Amino acid sequence: MTHPRTGRPRERVLTMRGIGKRFGAVKALTDVDFWVNEGEVVALVGDNGAGKSTLVKVLAGVHPPDAGTIEFDGEPVGIGSPADAQELGIETIFQDLALCDNLDVVANLWLGRELRDGATLDEVDMEQRTWTLLRELSAKIPSVRVPVASLSGGQRQTVAIARSLIGEPRVVILDEPTAALGVAQTAEVLNLIERLRERGHGVILISHNMADVMAVADRVVVLRLGRNNGVYNVADVTSEILIAAITGAVDHSGMRRPDRADAAPQLARDSDPPGPGPADIREATIDREPADEEPVSDETAGGTVIRLPRGGARRTTRPRGGGAR
Ligand SMILES: Nc1ncnc2c1ncn2[C@@H]1O[C@H](COP(=O)(O)OP(=O)(O)OP(=O)(O)O)[C@@H](O)[C@H]1O
Ligand SMILES: [Mg+2]
């Protein structure tokens with residue numbers, strides 16, 4: 001197993017198999033497989049209500065799953081609470097960022113984990129380590145002693161990401177990190193995601209923006225109506241194919257059926273996990289008409305928000321050779 005963009009070998013960090021989650025009558029997740037390797041950016045995409053946030057909340061310990069298994073470093077684990085997730089090394093940056101606006105950058109980074117020198121806070125050490133971390137991330141923050149309220153959206157996202165790295169997590173989850181950002185700030189956050197990959201973190205990126213996904217992800221996992229609907233290496237896929245999988249114009253949900261082994265060539269291969277489970281995703285096909293399932297909820301049936309690549313979806317057909325950039 002090698003890194004599609006850098007050629008480095010990498011290890012599996014996390015594997016979810018057959019994950020199910022219900023909220024009353026709503027089946028938010030059904031039999032979902034998902035995995036992430038170290039030094040890999042996995043984009044999790046899908047229409048509104050597809051189950052993306054629910055899946056990462058299972059990892060974050062917010063929603064215990066009703067079905068399925070989770071392995072961390074090859075060992076079965078239960079993630080019953082956010083503290084369990086943090087202990088394993090899974091950090092989630094939710095869309096609201098949960099920063100304290102009136103506190104400065106250093107205070108936000110170390111909140112609840114302050115370094116002490118005897119009875120007093122070791123402000124010098126915390127500030128130095130903050131700068132070290134921000135430099136490592138090539139972050140553009142002019143001062144770490146200003147309240148985060150005065151920072152731009154991209155800088156605030158940077159602070160939230162830097163804060164998540166204090167405990168050296170193995171997996172970093174970002175829920176729509178660029179949703180509220182302009183072009184330059186989005187580029188900054190995408191750079192930051194590349195730094196996370198270089199540092200060896202497994203990164204899970206939820207995004208509706210196909211341009212961002214194509215720019216930064218190694219692999220893309222599509223959810224539709226709470227089920228897997230395809231896993232693709234970015235090197236082998238186009239925005240159009242992803243959008244077709246997201247909207248259901250292409251149906252990969254029958255992927256476990258052995259009689260459907262005429263696999264579509266663009267589906268992920270070199271990242272497939274060993275053994276049963278997600279490897280079966282290779283058996284997906286694209287020869288069916290759009291799925292005709294019932295939506296899992298009214299929300300799913302509602303408005304579709306899929307941001308097309310900048311310049312229009314139809315235009316983006318560039319082939320990606322071997323993952324080189
Ligand atoms: N706490 C909850 N209680 C009840 N239903 C919920 C809860 N959280 C999610 N759901 C339902 O589960 C389904 C999946 O929701 P989820 O938030 O995971 O979707 P999503 O893919 O993150 O969508 P979006 O792109 O809009 O953020 C939806 O039908 C949603 O209404
Ligand atoms: Mg969501």
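All letters in the sequence shown, in the order written, are residues 1 to 325 by the numbering used here. Quick reminder that beta carbons are idealized off the backbone N, C-alpha and C, glycines included. What you are looking at is a predicted structure, and each value in this text was computed from that prediction instead of being measured.
If you check the beta carbons only, do residue i and residue j fall under 8 Å apart?
i: Leu99; j: Arg17; result: no
i: Val41; j: Ile241; result: no
i: Ile243; j: Val171; result: no
i: Asp73; j: Val36; result: no
i: Val56; j: Ile161; result: no
i: Val146; j: Asn108; result: no
i: Met126; j: Glu136; result: no
i: Trp110; j: Ile166; result: yes
i: Ile19; j: Ala67; result: yes
i: Ser150; j: Asn191; result: no
i: Gly154; j: Leu174; result: no
i: Leu88; j: Val77; result: yes
i: Glu188; j: Gln95; result: no
Relative to the C-alpha of residue i, which candidate in the options has its C-alpha closest?
i: Val220; options: Ser143, Gly46, Val183; result: Gly46
i: Ala235; options: Met214, Val222, Ala245; result: Met214
i: Gln185; options: Asn37, Asp212, Ser164, Ala249; result: Asp212
i: Val62; options: Ala249, Ala85, Ala50; result: Ala85
i: Gly202; options: Thr158, Ala25, Ala249, Glu38; result: Glu38
i: Thr15; options: Leu59, Val26, Gly49, Gly24; result: Leu59
i: Leu196; options: Thr178, Thr158, Leu181; result: Thr158
i: Leu97; options: Ala179, Val77, Asp122; result: Ala179
i: Asp131; options: Phe34, Ser143, Leu88; result: In the sequence as presented, Asp is not what sits at residue 131; that position holds Trp. The option with the nearest alpha carbon to Trp131 is Ser143.
i: Arg199; options: Gly24, Leu134, Glu123, Gly78; result: Leu134
i: Val26; options: Arg116, Arg129, Ala249, Leu225; result: Leu225
i: Val231; options: Phe34, Gly24, Phe23; result: Phe34
First and last residue of the alpha helix (DSSP H) that includes residue i?
i: Leu174; result: Element bounds for Leu174: not the alpha helix (DSSP H) but the beta strand (DSSP E), 171-175.
i: Ala83; result: 82-88
i: Ile243; result: 239-247
i: Val58; result: 52-59
i: Val106; result: 105-110
i: Asn102; result: Counting along the chain, Asn102 falls outside any alpha helix (DSSP H), and DSSP gives it neither H nor E.
i: Arg195; result: 183-198
i: Asp212; result: 210-216
Per DSSP, residue i is paired with what?
i: Glu75; result: Phe72
i: Ile93; result: Leu174
i: Val41; result: Val203
i: Ile166; result: Ile166 is not bridged to any residue.
i: Pro147; result: Asp104
i: Thr120; result: Asp117
i: Val26; result: Phe23
i: Val62; result: In DSSP, Val62 forms no bridge with anything.
i: Val32; result: Ile19
i: Ala67; result: Gly20
Counting only C-beta atoms, is residue i closer than 8 Å to chain B at any point?
i: Asn228; result: The structure shown contains no chain B, having only a single protein chain.
Looking only at its chain, what residues have a beta carbon closer than 7 Å to the beta carbon of residue i, apart from the 5 residues adjacent to it on each side?
i: Arg227; result: Thr30, Asp31, Val32, Ser253
i: Ser164; result: Glu91, Ile93, Val172
i: Thr54; result: Lys21, Ala28, Leu29, His63
i: Pro82; result: Ala60, Gly61, Val62
i: Val183; result: none
i: Glu11; result: Asn37, Glu38
i: Lys52; result: Leu44, Gly46, Ile206, Leu223
Just to confirm my understanding: we take residue i, look at its own chain, exclude 5 residues before and 5 after, and list those with CB closer than 8 Å. What are they?
i: Gly275; result: Residue placement at Gly275 is flagged as unreliable, the pLDDT there being 38, under the threshold of 50; a coordinate-derived value is accordingly withheld.
i: Ile306; result: At Ile306, the pLDDT of 34 sits below 50, so the modelled position is not reliable and the matter cannot be decided from this model.
i: Ser152; result: Gln185
i: Ala217; result: Val41, Val42, Ala43, Leu205, Val234
i: Glu299; result: Since pLDDT at Glu299 reaches only 32, below the 50 mark, its modelled position is unreliable, and the value read off the structure follows with that caveat. Cβ neighbours of Glu299 beyond the five flanking positions: Asn48, Gly49.
i: Gly80; result: Gly61, Pro64
i: Glu411; result: The requested residue 411 is not part of the displayed model; the chain covers only 1 to 325.
i: Asp101; result: Pro147, Val148, Ala149
For residue i, which residues in the same chain have their Cβ closer than 6 Å to its Cβ, ignoring the five residues on either side in sequence?
i: Asn229; result: Val222, Ala245, His252, Ser253
From which residue to which residue does the beta strand (DSSP E) around residue i run?
i: Arg22; result: 12-23
i: Arg113; result: Segment: none, Arg113 is in no beta strand (DSSP E) and carries neither H nor E.
i: Leu223; result: 219-224
i: Val231; result: 227-233
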